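Beneath this line is the structure, given in structure tokens, with notes to follow.
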Amino acid sequence: MKKLCCALIFTVLLIWSGNAFAEQGKGLNVIVTSADRQTQMMAMVLSVQSMKEHGKEINIVLCGAAGDLALQSTNTEAFLPLKKSPTMLLNALLKMGASVQVCPLYLPNAGKTTNDLIEGITIAKPPVVAGQLLDKDYQNISF
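Structure, rendered in structure tokens:
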């Protein structure tokens, strides 16, 4: 009876943990609007960890003041304990295959063009972004 009870508990836990993994989905949609560099850094850290440690897809849209991160001319300060900056992690995410886009309102209102963007960053298309945000296989987070 004791063995049967243990086997039953083990089976239930195995099924439950399998469901937890199944519910994780494909990845994250990350919307970054904050001008605060520490907040931007946390968005990048969580995105890197989601890709590297959990194998998830990442879609990042930079809007408003956070759009500055998309510019080649932007250099951000490094944060401890990683001694890395939001710009450094954004570039790492691009190399890892993350989709990074800038809000279509950003460039014309900042007096910038696509030539000012970091290579690999594109202009977001609102219908596509809306579809990504509504996709139940992705979690949405904003910073």
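Numbering (mature numbering (1 follows the signal peptide of the UniProt record, and there is no 0)), first residue to last: -22 to -1, 1 to 121. Backbone N, C-alpha and C fix where the C-beta goes; we use that ideal spot for every residue, glycine too. Since this is a predicted model, take the numbers as computed values, not measurements.
Enumerate in chain order the residues of its own chain whose CB-to-CB distance from LEU111 is below 6 Å, with the five nearest sequence positions on each side excluded. As a working mapping, residue 111 is identified with position 133 in the sequence shown. Residues of the same chain with a CB within less than 6 Å of the CB of LEU111, apart from the 5 flanking positions on each side, are ASN7 and ASN118 in chain order.
Looking only at its chain, what residues have a beta carbon closer than 7 Å to the beta carbon of THR52, apart from the 5 residues adjacent to it on each side? The residue you call residue 52 lines up with position 74 of the sequence shown. Closer than 7 Å at Cβ, skipping near neighbours: ASP46 and THR65.
Taking its Cβ as the centre, do 16 or more other Cβ atoms sit within 10 Å of LEU95, making it buried, or is it exposed? As a working note, residue 95 is residue 117 in the sequence shown. Burial call: buried.
Test item: CB-CB of GLN22 and LEU68 under 8 Å: Reading the sequence shown from its first residue, position 44 is the one you call residue 22. Reading the sequence shown from its first residue, position 90 is the one you call residue 68. According to the sequence provided, residue 22 is Met. The question's Gln does not apply to it. Yes, Cβ-Cβ distance for MET22 and LEU68 is below 8 Å.
Which residue wins for smallest C-alpha separation from VAL80, given the options ASP14, GLY33, ALA43 and HIS32? In the sequence shown, the residue the question calls residue 80 occupies position 102. Cα-wise, what sits closest to VAL80 is ALA43.
Identify whether LEU58 lies in helix, strand or coil by the three-state DSSP scheme. Residue mapping note: residue 58 aligns to position 80 of the sequence shown, counting from 1. Three-state result, LEU58: coil.
Determine, using beta carbons only, whether ALA76 and MET29 come nearer to each other than 8 Å. Taking the first residue of the sequence shown as 1, we reach residue 76 at position 98. Taking the first residue of the sequence shown as 1, we reach residue 29 at position 51. It is a contact, given that the beta carbons lie within the stated cut-off.
From what residue to what residue does the alpha helix (DSSP H) around residue 126 run? Missing from the structure shown is residue 126; the chain here goes from -22 to 121 and no further.
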